[in-house]
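Residue numbers (this note's numbering): 28 to 652.
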């Protein structure tokens with residue numbers, strides 16, 4: 028009995044000891060796993076703490092230079108080895124370690140950079156932002172203004188073709204007047220028996236008639252160009268319709284419809300021009316015949332010798348035969364009226380319109396300030412070196428608008444821009460960095476020039492909208508159009524001229540606006556009557572007066588920097604991010620020539636395999652700035 032109790036207790040003890048050993052081994056295994064995970068996390072933290080100090084101090088972003096994965100793996104291994112060497116409990120040894128993944132700041136066209144900027148702006152020292160409603164209105168207004176300016180420019184080209192068409196019609200009309208003058212003069216010369224004079228006049232008439240096919244061909248070519256250009260303008264206008272907005276679209280629709288009315292009416296004139304051409308060809312044949320007859324008659328008269336003293340040459344009868352032929356030449360006056368009555372003043376307006384294709388920086392830049400001539404000379408741009416400005420999608424959510432506001436504020440705080448006082452010269456740094464973010468040019472001056480063009484386009488769109496919404500200004504433009512077109516003021520050409528005048532007026536006012544902005548003054552986004560400075564009379568002195576006509580700025584409205592923020596709001600985010608990377612790389616590489624954004628990581632994942640007491644353990648760790 029006692030032996031059985033002993034056996035029973037021994038078996039219980041064996042079970043208890045086995046359980047305890049199992050629990051201890053299990054705890055050791057779990058502990059070794061936690062120890063390895065802690066060691067790996069800590070090692071990765073230590074590696075990521077070696078962020079680029081200059082990048083943080085200058086731009087408040089965290090970047091880890093990651094030249095080669097092998098080097099990073101070696102650094103993590105060195106940190107990890109300290110944990111293994113001090114391990115007296117688990118006895119683990121590293122077998123394998125690798126960097127499984129790295130998130131580079133240039134990935135997804137700079138999306139990680141945007142995340143870092145937002146983290147800094149949201150949770151860092153920045154606390155002030157513009158009102159979201161005001162910023163949203165600014166973004167949509169700039170988008171709308173760009174669309175209005177684009178439509179206006181397209182139809183202004185159509186206006187040029189319409190004016191050229193009117194010029195060809197005027198040349199045809201003048202030619203018909205000359206033809207009629209020569210025909211009447213020739214008839215008088217034949218009646219007066221002045222044959223030699225008629226031959227000269229007839230040849231002049233023939234020469235003028237010979238011009239008619241060329242003139243009508245010029246007309247047909249101009250008409251086709253106008254139609255083709257108008258078709259293009261209509262397609263572009265429809266594409267911009269969404270950007271412009273329905274209310275504004277309805278406001279300008281009535282103006283651009285006048286172009287189609289003009290081309291529709293051209294059908295009648297085109298038929299008349301063809302009839303004029305056919306008549307000219309018929310009259311040319313009659314004139315040539317009459318001149319040939321006149322030459323024969325004149326030769327006969329010159330060589331005539333009387334056989335008898337009583338014989339007398341009847342010259343009047345001879346020339347009557349020529350006159351009877353020449354009288355079949357009928358030159359009719361055109362039914363259409365003169366389209367442009369005051370070409371001199373219209374030419375002035377056309378000169379102003381063509382100023383938009385010239386160097387607008389010279390036109391607007393303050394004399395006392397010289398634009399920077401710095402150039403960014405660098406290869407391996409993260410953006411690839413692309414130029415131009417791409418507008419992004421419409422702002423759809425309040426969160427997206429808030430983020431774009433924050434990035435605009437970040438750009439204002441961390442990147443230089445044009446200053447009215449000229450700023451501080453720095454040979455190694457662009458002075459117009461924000462302008463580069465928007466335009467992507469390598470030269471400071473080119474970036475500022477593109478910015479001025481954008482500002483003029485935006486102001487031009489808003490100024491045109493102000494004119495269209497102001498009955499008084501619109502009436503002034505129509506009265507001037509009536510003056511320029513004269514008798515044709517009731518035709519569609521007068522409506523085209525009126526819209527052309529409005530566009531030129533808006534452009535000239537926008538030049539005044541940008542001059543004010545570059546002087547450090549403010550210009551309202553939407554101008555009222557009291558804000559308008561340039562009247563139509565002053566418009567005709569605009570070409571000769573390259574300096575400011577009026578002080579178009581003031582204390583109310585937006586300054587140059589705020590307009591730039593408006594462009595940042597609607598810029599394509601990927602383009603903006605990549606150009607920020609360009610600018611950061613360029614400036615940081617001044618002290619560290621080898622610095623490249625493409626070798627900078629913002630996140631990393633590592634995996635490690637270690638041998639334990641019984642079997643291997645594998646753990647991974649991730650870190651993201």
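Note that CB positions come from ideal geometry on N, CA and C, so glycine has one too.
### Task
Measure the CB-CB distance between residue 487 and residue 533 and report whether it falls below 7 Å.
Here the question's residue 487 lines up with position 460 in the chain shown. Here the question's residue 533 lines up with position 506 in the chain shown. Pairing residue 487 with residue 533 gives a Cβ-Cβ distance under 7 Å.
#### Entry: Counted within 10 angstroms of its Cβ, other Cβ atoms place residue 627 as buried (16 or more) or exposed
Mapped onto the chain shown, residue 627 falls at position 600. By the neighbour-count criterion, in which 16 or more other beta carbons inside 10 Å mark a residue as buried, residue 627 falls on the buried side.
### Query
Could you give the distance in angstroms between the alpha-carbon of residue 430 and the alpha-carbon of residue 145?
Residue 430 sits at position 403 when you count from the first residue of the chain shown. Residue 145 sits at position 118 when you count from the first residue of the chain shown. Their Cα atoms are separated by approximately 7 Å.
### Query
Does the stretch 432 to 451 come close enough to the stretch 589 to 598 to have 3 or more Cβ pairs within less than 8 Å?
Contact between the stretch 432 to 451 and the stretch 589 to 598 is present, with at least three C-beta pairs closer than 8 Å.
### Query
Taking contact to mean at least 3 C-beta pairs separated by less than 8 Å, is the stretch 112 to 132 in contact with the stretch 629 to 645?
With the cut-off at 8 Å, the stretch 112 to 132 and the stretch 629 to 645 touch.
### Message
On a Cα-Cα basis, can you pick out the residue from 492, 201, 609 that is closest to residue 555?
### Response
Taking the chain shown and counting its residues from 1, the one referred to as residue 555 is at position 528. It is 492.
### Task
Reducing DSSP to helix, strand and coil, say where residue 636 ends up.
For this step, residue 636 is matched to residue 609 along the chain shown. Strand.
### Query
Going by Cα to Cα distance, which pick from 398, 475, 390 is closest to residue 709?
Here the chain has residues from 28 to 652 only, and residue 709 is not among them.
### Message
What does the alpha-carbon distance come out to for the pair residue 135 and residue 610?
### Response
Taking the chain shown and counting its residues from 1, the one referred to as residue 135 is at position 108. Taking the chain shown and counting its residues from 1, the one referred to as residue 610 is at position 583. Rounded to whole angstroms, residue 135 to residue 610 spans 18 Å at the Cα level.
### Query
Going by the CB atoms, is the gap between residue 519 and residue 327 shorter than 7 Å?
For this step, residue 327 is matched to residue 300 along the chain shown. For this step, residue 519 is matched to residue 492 along the chain shown. Residue 519 sits away from residue 327, with the two beta carbons spaced by 7 Å or more.
### Task
Please report how far the alpha carbon of residue 352 lies from the alpha carbon of residue 313, in whole angstroms.
If you number the chain shown from 1, residue 352 lands on position 325. If you number the chain shown from 1, residue 313 lands on position 286. Distance between the alpha carbons of residue 352 and residue 313 is about 7 Å.
### Query
Where do the ends of the alpha helix (DSSP H) carrying residue 144 lie?
As a first step, residue 144 must be located in the chain shown, where it is residue number 117. Element bounds for residue 144: 134 to 150.
### Message
On the CB-based measure, 16 or more other CB atoms within 10 Å of its CB, does residue 46 come out buried or exposed?
### Response
What you label residue 46 is simply residue 19 of the chain shown in a count that begins at 1. Exposed.
#### Entry: the stretch 225 to 236 in contact with the stretch 275 to 293 per 3-pair CB rule at 8 Å
Contact fails: fewer than three Cβ-Cβ distances are below 8 Å.
### Query
Hey, quick one: how far does the beta strand (DSSP E) through residue 131 stretch, first residue to last?
In the chain shown, residue 131 corresponds to position 104, counting from 1. 120 to 131 is the span of the beta strand (DSSP E), which, as asked, contains residue 131.
### Message
Let's see if you can read the secondary structure: which residues bound the alpha helix (DSSP H) around residue 313?
### Response
In the chain shown, counting from the first residue as 1, residue 313 sits at position 286. Its alpha helix (DSSP H) spans residues 273 to 330.
### Message
Please report the straight-line C-alpha distance between residue 110 and residue 91, rounded to a whole angstrom.
### Response
Taking the first residue of the chain shown as 1, we reach residue 110 at position 83. Taking the first residue of the chain shown as 1, we reach residue 91 at position 64. Linking residue 110 to residue 91 through their CA atoms gives a straight-line distance of about 23 Å.
### Query
Which class does residue 163 belong to by DSSP, given the choice of helix, strand or coil?
By 1-based counting over the chain shown, the position of residue 163 is 136. Three-state result, residue 163: helix.
### Task
Measuring alpha carbon to alpha carbon, tell me which of 507, 219, 286 ends up nearest residue 264.
Your numbering for residue 264 matches position 237 in the chain shown. If we check each option's Cα against that of residue 264, 286 comes out closest.
### Message
By DSSP's criteria, residue 644 is part of a beta bridge. Which residues make up the other side?
### Response
As a position in the chain shown, residue 644 is number 617, starting the count at 1. Per DSSP, 637.
### residue 106 vs residue 89 beta-carbon contact at 7 Å
The residue you call residue 106 lines up with position 79 of the chain shown. The residue you call residue 89 lines up with position 62 of the chain shown. Result no, Cβ atoms of residue 106 and residue 89 do not sit closer than 7 Å.
### Task
Per DSSP, which residues does residue 651 bridge with? Please list them.
Working through the chain shown from its first residue, we reach residue 651 at position 624. DSSP, once it has assigned bridges, lists 630 as partnering residue 651.
### Inter-residue spacing [alpha-carbon to alpha-carbon] between residue 205 and residue 232
For this step, residue 205 is matched to residue 178 along the chain shown. For this step, residue 232 is matched to residue 205 along the chain shown. Approximately 8 Å, taken between the alpha carbons.
### Task
Under 8 Å by Cβ, that's how I've got residue 527 and residue 186 pegged, so tell me the actual separation to the nearest angstrom.
For the purposes of this step, residue 527 is identified with residue 500 of the chain shown, where counting begins at 1. For the purposes of this step, residue 186 is identified with residue 159 of the chain shown, where counting begins at 1. Between residue 186 and residue 527 the Cβ distance is about 4 Å, and since that is below 8 Å, they are a contact.
### Query
Residues in its own chain within less than 6 Å of residue 645 by CB, not counting five upstream and five downstream?
Within the chain shown, residue 645 is the residue found at index 618, counting from 1. Taken in chain order, the residues that qualify are 636.
### Query
Would you report the Cα separation of residue 446 and residue 545, rounded to the nearest angstrom?
For the purposes of this step, residue 446 is identified with residue 419 of the chain shown, where counting begins at 1. For the purposes of this step, residue 545 is identified with residue 518 of the chain shown, where counting begins at 1. Note on geometry: alpha-carbon atoms of residue 446 and residue 545 lie some 8 Å from one another.
### Query
Rounded C-beta distance between residue 189 and residue 523? I'm assuming under 8 Å.
Locating residue 189 in the chain shown gives position 162, where the first residue counts as 1. Locating residue 523 in the chain shown gives position 496, where the first residue counts as 1. Yes, residue 189 and residue 523 are in contact; Cβ-Cβ is about 5 Å, under 8 Å.
### 3 or more residues per run - each beta strand (DSSP E) lying fully within the stretch 394 to 468
Segments of the beta strand (DSSP E) lying fully in the stretch 394 to 468: there are none.
### Message
Within a Cβ cutoff of 6 Å, which residues of the same chain sit near residue 465, ignoring the five residues on either side of it in sequence?
### Response
For the purposes of this step, residue 465 is taken as residue 438 along the chain shown, with counting starting at 1. Within its own chain, the residues whose Cβ lies closer than 6 Å to the Cβ of residue 465, once the five positions on either side in sequence are excluded, are 416, 594, listed in chain order.
#### Entry: residue 165 beta carbon less than 7 Å from that of residue 199
Stepping through the chain shown from its first residue, residue 199 is reached at position 172. Stepping through the chain shown from its first residue, residue 165 is reached at position 138. No, the Cβ-Cβ distance between residue 199 and residue 165 is not below 7 Å.
### Task
Report yes or no: do three or more beta-carbon pairs, one from the stretch 555 to 568 and one from the stretch 399 to 406, lie closer than 8 Å?
The stretch 555 to 568, when compared against the stretch 399 to 406, does not touch it at the 8 Å Cβ threshold.
### Query
Can you find at least 3 beta carbon pairs, one from the stretch 476 to 484 and one from the stretch 375 to 392, that sit closer than 8 Å?
Yes, they touch.
### Task
Specify, as a first and last residue, the run of the alpha helix (DSSP H) that residue 566 falls within.
Walking along the chain shown from the start, residue 566 turns up at place 539. Residues 563 to 566.
### Query
Of all the options 67, 116, 85, which has the alpha carbon lying nearest to the alpha carbon of residue 100?
Residue numbering aside, residue 100 sits at position 73 when the chain shown is read from its first letter. Among 67, 116, 85, the Cα nearest to that of residue 100 is on 67.
### Message
Going residue by residue through the stretch 462 to 538, where are the continuous beta strand (DSSP E) segments of at least 3 residues, counting only ones entirely within it?
### Response
The stretch 462 to 538 contains no whole beta strand (DSSP E) run of 3 or more residues.
#### Entry: residue 548 in three-state terms, based on DSSP
Your numbering for residue 548 matches position 521 in the chain shown. In the structure shown, residue 548 sits in coil (DSSP, three-state: anything other than H, G, I, E or B).
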